[in-house]
Amino acid sequence: MTGWKKVEPIYRDWARYNDNLAVRGAKLADLSWLHTYESDLARMNEGKRGAPYKYTPGVFLFADALMSAYGVQTRAMEGILASIMGLFGLEAPDHSTIWLRVLEIRRDLDGPELSAVCAADSSGLSVGVRGEWIRDKWGHPARGYVKIHVLADAETHMIAGYLVTDDHAADVNHLLPLVDDALSRGCAPDYVIADSAYDAAYNWDGMQERGIAYTAMLRKKGIEKTKLTPQGRARFEYGRMGEEAWKASRRYGLRSHVEGTFSDFKRMFGPFVRARKYDNMVKEVERKLALFNMLKRCTT
109 MTGWKKVEPI
119 YRDWARYNDN
129 LAVRGAKLAD
139 LSWLHTYESD
149 LARMNEGKRG
159 APYKYTPGVF
169 LFADALMSAY
179 GVQTRAMEGI
189 LASIMGLFGL
199 EAPDHSTIWL
209 RVLEIRRDLD
219 GPELSAVCAA
229 DSSGLSVGVR
239 GEWIRDKWGH
249 PARGYVKIHV
259 LADAETHMIA
269 GYLVTDDHAA
279 DVNHLLPLVD
289 DALSRGCAPD
299 YVIADSAYDA
309 AYNWDGMQER
319 GIAYTAMLRK
329 KGIEKTKLTP
339 QGRARFEYGR
349 MGEEAWKASR
359 RYGLRSHVEG
369 TFSDFKRMFG
379 PFVRARKYDN
389 MVKEVERKLA
399 LFNMLKRCTT
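Quick note: the sequence shown uses our numbering, first residue 109, plus one each step.
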């Protein structure tokens with residue numbers, strides 16, 4: 109059969125994979141904050157004027173990890189904390205306090221240490237968990253989705269930079285801000301690959317100004333035969349070499365690795381956000397992205 113190519117099977121090291129999942133569970137359910145709870149609380153209240161603090165940040169970091177990874181509701185989280193903290197004679201926060209304090213959490217995105225090759229893309233997260241039947245039955249209007257733009261390491265699938273927008277944001281306008289976000293975190297990729305949605309002259313020029321090699325899949329329309337600009341040189345090579353040879357020379361196949369990042373992220377945290385207000389949706393996504401990198405780092 110013409111064009112048929114045998115695909116070699118991919119074998120997973122299930123023993124290592126299972127151990128990695130156990131490590132992730134241990135990381136999410138870290139209770140080390142309990143060992144120093146009383147001393148931490150005393151230090152927080154030392155010299156404080158007004159009402160004293162009742163809980164340490166570790167309580168809410170623990171709550172956020174379980175709520176993000178396992179979809180635990182705030183009322184269920186209240187019960188979990190009451191059960192755990194009760195063993196140590198500690199008072200647990202109620203569900204309203206948990207929700208308000210979790211919203212205040214800011215987790216730093218700990219990016220990959222080395223990003224020789226990165227891939228850029230975006231994906232949407234639903235803003236509701238209602239089913240399609242309920243939506244059609246009761247006529248709920250479409251609520252759009254939250255869009256996450258990601259610059260991902262092609263080897264580890266860790267996130268080097270990100271942006272969170274609504275569903276109206278065009279991908280082409282967010283490549284350079286993505287790269288700048290990664291650079292601000294100390295993660296400087298040598299090479300960035302993107303699909304045709306990012307093929308714009310200002311993106312090619314901007315990447316050259318930053319000293320980063322760049323490839324975007326060229327739009328078929330208007331192939332130019334010029335070498336005067338970065339995009340023009342790429343188009344000239346494309347016209348001379350042909351699509352397949354051009355993609356091979358630029359290692360374009362590595363772009364698909366960003367899809368693995370989105371797949372991993374949605375398997376960990378689900379393809380939706382639970383917050384109702386847009387600002388809270390952004391905060392929720394940012395916390396989950398930071399948790400994602402933390403979990404990938406401890407199991408990569």
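In this text, a Cβ means the ideal position worked out from N, Cα and C, and glycines have one as well.
Being a predicted model, the structure only gives us computed values, none of them experimental.
Query: Burial state of T264 (16 or more Cβ within 10 Å); Result: buried
Query: Closest Cα partner of P285 within the set P338, D229, A190 and A200; Result: D229
Query: Where H257 falls: helix, strand or coil (DSSP); Result: strand
Query: Counted within 10 angstroms of its Cβ, other Cβ atoms place K255 as buried (16 or more) or exposed; Result: buried
Query: Among L136, V180 and G187, nearest to F170 - alpha-carbon criterion; Result: L136
Query: Close beta carbons around A123, own chain, < 7 Å, minus the five adjacent residues each side; Result: none
Query: Buried versus exposed, by CB contacts within 10 Å (16 or more), P160; Result: exposed
Query: Contact set for N311: own chain, Cβ-Cβ below 6 Å, skip 5 residues either direction; Result: L283
Query: F196 in three-state terms, based on DSSP; Result: coil
Query: Segment limits, alpha helix (DSSP H) that includes S223; Result: Where S223 is concerned, there is no enclosing alpha helix (DSSP H), given that its DSSP letter is neither H nor E.
Query: Proximity below 9 Å, CB of N401 to CB of M193; Result: no
Query: Local Cβ density within 10 Å of T164, reported as buried at 16 or more and exposed below that; Result: buried
Query: I213, DSSP secondary structure in three states; Result: coil
Query: Cα-Cα separation between Y119 and Y125, rounded to whole angstroms; Result: 11 Å
Query: Own chain residues within Cβ distance below 8 Å of A190, not counting five before or after; Result: A200
Query: Ranges of the beta strand (DSSP E) found wholly within the region 283-343, counting only runs of at least 3; Result: 299-302 and 321-324
Query: Endpoints, the alpha helix (DSSP H) within which G133 is located; Result: W122 to L136
Query: Distance, G361 Cα to T110 Cα; Result: At T110 the pLDDT is 48, less than 50, meaning the model places this residue with poor confidence; the figure from the coordinates comes in the next sentence. Computed Cα separation, rounded: 22 Å.
Query: G166: first and last residue of the uninterrupted alpha helix (DSSP H) it sits in; Result: P165 to Y178
Query: Pick from D127, V300, G232 and K335 that is closest to G378, judged by C-alpha positions; Result: G232
Query: Per DSSP, cross-strand counterpart(s) of S230; Result: H257
Query: Span of the beta strand (DSSP E), counted from its first residue to its last, around L362; Result: It is not in any beta strand (DSSP E) - L362 carries neither H nor E in the DSSP assignment.
Query: L397 - DSSP class collapsed to helix/strand/coil; Result: helix
Query: Coil, strand or helix - D148 by DSSP; Result: helix
Query: Contact check, A290 vs V366, beta carbons under 9 Å; Result: no
Query: Nonlocal neighbours in the same chain, by C-beta distance under 8 Å from R293, ignoring five residues either side; Result: L217, G219, A268 and G269
Query: Rounded Cβ spacing between A262 and V225 (contact assumed at less than 8 Å); Result: 4 Å
Query: Straight-line gap, S357 to Y346 (C-alpha atoms, nearest Å); Result: 10 Å
Query: Nearest-angstrom beta carbon gap, T407 and R151 [assumed within contact, 8 Å]; Result: With a Cβ gap of about 33 Å, R151 and T407 do not count as contacting.
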